[in-house]
Amino acid sequence: MSTPSAAAQPFPAVVGVLGGGRMGAGIAHAFLVAGAAEVIVVDVSETAAQAAAARITKDLEASLTRGKISGQLSDWTDRLTATAEVSAFARCGLVVEAVPEDMELKVESLRRAEAQLAPEAWLATNTSSLSITDLAEQLQRPERFCGLHFFNPVPASKLVEVVLAERTGEELAALSPRWVEGLGKTPVVVKDAPGFASSRLGVAIGLEAIRMVEEGVAAPADIDNAMVLGYKFPIGPLALTDIVGLDVRLGIAEYLESQLGERFAPPKLMREMVARGELGKKSGKGFYDYPEA
């Protein structure tokens with residue numbers, strides 16, 4: 339498989355990612371392997387930026403090993419820049435924000451990024467639940483802003499939820515699904531609503547599974563097997579919660595409860611596990627144990 343041509347891709351040649359954690363690194367990897375001429379990752383410090391570069395390099399090495407991409411590792415890493423300087427976004431045609439799910443942090447981060455962008459550049463957020471319309475209202479060019487909700491792990495996931503705010507322009511509404519298709523993924527286009535489509539449904543199932551554990555209905559593995567074997571889920575709701583992170587899902591549930599009512603109230607067990615630091619795969623323990631985490 340040859341190195342893809344940037345000219346053939348529908349997204350801008352230079353793509354920025356704000357935040358180099360697990361999601362940000364995955365998003366950067368997706369644009370690199372799809373053919374973006376350059377990907378610029380900005381994080382809070384040089385140390386964090388270099389850690390992001392290491393994550394992306396590890397993902398690229400895995401893609402080479404699996405034959406998803408070809409050539410030398412340097413063919414891919416040479417097109418990656420990781421820095422703490424947000425001014426690096428000045429050359430980007432698109433920036434995707436991927437900082438933690440906190441409204442104030444999102445607004446501050448998006449404003450910083452927008453201030454560096456050319457007037458014709460596009461801006462997106464990777465939020466999994468926060469209102470795209472509310473975020474857009476804090477920006478200077480809301481018509482050039484939308485949601486691009488990627489799923490974890492980004493390299494393996496085939497879905498990106500495209501979320502259109504009230505003031506998202508028609509041009510961006512048409513372009514954003516094409517960007518997703520250019521990444522080799524499938525876009526699902528939804529209007530801005532609490533939890534969109536995926537988080538609203540996914541969290542509802544996950545919360546009910548946690549309540550079942552809390553009530554002693556069945557063991558986590560049996561609950562997961564019921565959904566995998568009985569309903570053809572690719573992964574059980576509790577194993578998925580471990581992958582996403584209990585702290586992340588707790589934040590989403592709290593937001594959905596504030597917007598949609600008590601049916602999204604987080605179970606007591608979920609709060610207790612987060613308080614104990616049992617966050618799932620990233621902490622080594624959640625509903626399952628992960629000794630190599």
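The numbering of the sequence shown is my numbering, which starts it at 339 and goes up by one.
C-beta: ideal position from N, C-alpha, C; glycine also.
How would you label Ala347, buried or exposed, when you count the other beta carbons within 10 angstroms and need 16 or more for buried? Locating residue 347 in the sequence shown gives position 9, counting from the first residue. Checking the sequence, you will find Gln at residue 347 rather than Ala. Answer is buried; the Cβ neighbour count reaches 16.
Can you check DSSP and say which residues form a bridge with Ile378? What you label residue 378 is simply residue 40 of the sequence shown in a count that begins at 1. Beta-bridge pairing links Ile378 to Gly354 and Thr419.
Output the distance between the C-alpha atoms of Gly520 and Glu376, rounded to the nearest integer angstrom. Within the sequence shown, residue 520 is the residue found at index 182, counting from 1. Within the sequence shown, residue 376 is the residue found at index 38, counting from 1. Each residue's Cα considered, the two are about 15 Å apart.
Reduced DSSP category for Ala462 - H, G, I as helix; E, B as strand; rest coil: In the sequence shown, residue 462 corresponds to position 124, counting from 1. Look at Ala462 here: in three-state DSSP terms it is strand.
Straight-line gap, Arg482 to Arg505 (C-alpha atoms, nearest Å): Counting from 1 along the sequence shown, the entry for residue 482 is found at position 144. Counting from 1 along the sequence shown, the entry for residue 505 is found at position 167. Their Cα atoms are separated by approximately 9 Å.
Classify Ile573 as buried or exposed, calling it buried when 16 or more other Cβ atoms lie within 10 Å of its own Cβ. Indexing the sequence shown from 1 puts residue 573 at position 235. It counts as exposed.
How far does the alpha helix (DSSP H) with Gly589 in it reach, from first residue to last? To locate residue 589, count along the sequence shown from 1; it is residue 251. It spans Leu584 to Leu598 - the alpha helix (DSSP H) in which Gly589 sits, taken as one unbroken run.
Comparing C-alpha positions only, which one of Ala456, Thr415, Ala374 and Glu509 sits nearest to Ala634? Any property of residue 634 remains undetermined from this structure, which presents the chain solely from 339 to 631.
Could you tell me which residues DSSP puts in a beta bridge with Cys484? Locating residue 484 in the sequence shown gives position 146, counting from the first residue. For Cys484, which the question treats as bridged, DSSP gives the partners Ala462.
Start and end residues, beta strand (DSSP E) containing Val433: Numbered from 1 along the sequence shown, position 95 holds the residue referred to as residue 433. Looking at the DSSP string, the run of the beta strand (DSSP E) that includes Val433 is Leu432 to Glu435.
DSSP puts Glu439 in a beta bridge; with which residues? On the sequence shown, position 101 is the one that residue 439 refers to. Glu439 pairs with nothing; no bridge assigned.
Proximity of Glu616 and Gly624 at Cβ, strictly below 8 Å: Sequence index remark: in the sequence shown, residue 616 carries index 278 (1-based). Sequence index remark: in the sequence shown, residue 624 carries index 286 (1-based). Going by C-beta atoms, Glu616 is nearer than 8 Å to Gly624.
Measuring only the C-alpha atoms, how far is Ser343 from Ser408? The residue labelled residue 343 in the question sits at position 5 within the sequence shown. The residue labelled residue 408 in the question sits at position 70 within the sequence shown. Here the model assigns Ser343 a pLDDT of 47, short of 50, so the residue's position is not dependable, and the following value carries that caveat. Each residue's Cα considered, the two are about 13 Å apart.
With a 10 Å radius around its C-beta and 16 neighbouring C-beta atoms as the bar for buried, classify Tyr569 as buried or exposed. Counted from its first residue, the sequence shown places residue 569 at position 231. By the 10 Å Cβ count, Tyr569 comes out exposed.
So, is Glu508 buried or exposed, given that buried needs 16 or more other C-beta atoms within 10 angstroms? The residue given as residue 508 occupies position 170 in the sequence shown. Glu508 is exposed by the Cβ-count criterion.
From the DSSP output, in three-state form, read off Thr471 for me. Position 133 of the sequence shown, counted from the first residue, corresponds to residue 471. In the structure shown, Thr471 sits in a helix (DSSP, three-state: H, G or I).
Hey, Lys523 and Ile581 are a contact pair by Cβ (cut 8 Å); roughly how many whole angstroms apart? In the sequence shown, the residue the question calls residue 523 occupies position 185. In the sequence shown, the residue the question calls residue 581 occupies position 243. Actually they do not touch by this definition, with Cβ atoms about 18 Å apart.
Starting from Lys300 and walking both ways along the alpha helix (DSSP H), at which residues does that stretch end? Absent from the model: residue 300. The displayed extent of the chain is 339 to 631, so no value can be given.
Where does Pro350 land, buried or exposed, given buried means 16+ other C-beta within 10 angstroms? Residue numbering aside, residue 350 sits at position 12 when the sequence shown is read from its first letter. That one is buried.
Excluding the 5 residues flanking Ser495 on each side, which residues of the same chain have their C-beta closer than 8 Å to its C-beta? Here residue 495 refers to the residue found at position 157 of the sequence shown. Only Phe488, Phe489 and Lys523 meet the Cβ criterion.
Return the CA-CA distance between Glu552 and Val612, expressed in angstroms with no decimal places. The count along the sequence shown starts at 1 and reaches residue 552 at position 214. The count along the sequence shown starts at 1 and reaches residue 612 at position 274. The alpha-carbon atoms of Glu552 and Val612 are separated by roughly 14 Å.
From the DSSP output, read off the bridge partner residues of Lys619. Residue mapping note: residue 619 aligns to position 281 of the sequence shown, counting from 1. DSSP output for Lys619 lists no bridge partner at all.
For the candidate residues Ser383, Glu592, Val527 and Gly358, whose alpha-carbon lies nearest to that of Lys606? Within the sequence shown, the letter at position 268 stands for residue 606. The shortest Cα separation from Lys606 among Ser383, Glu592, Val527 and Gly358 belongs to Glu592.
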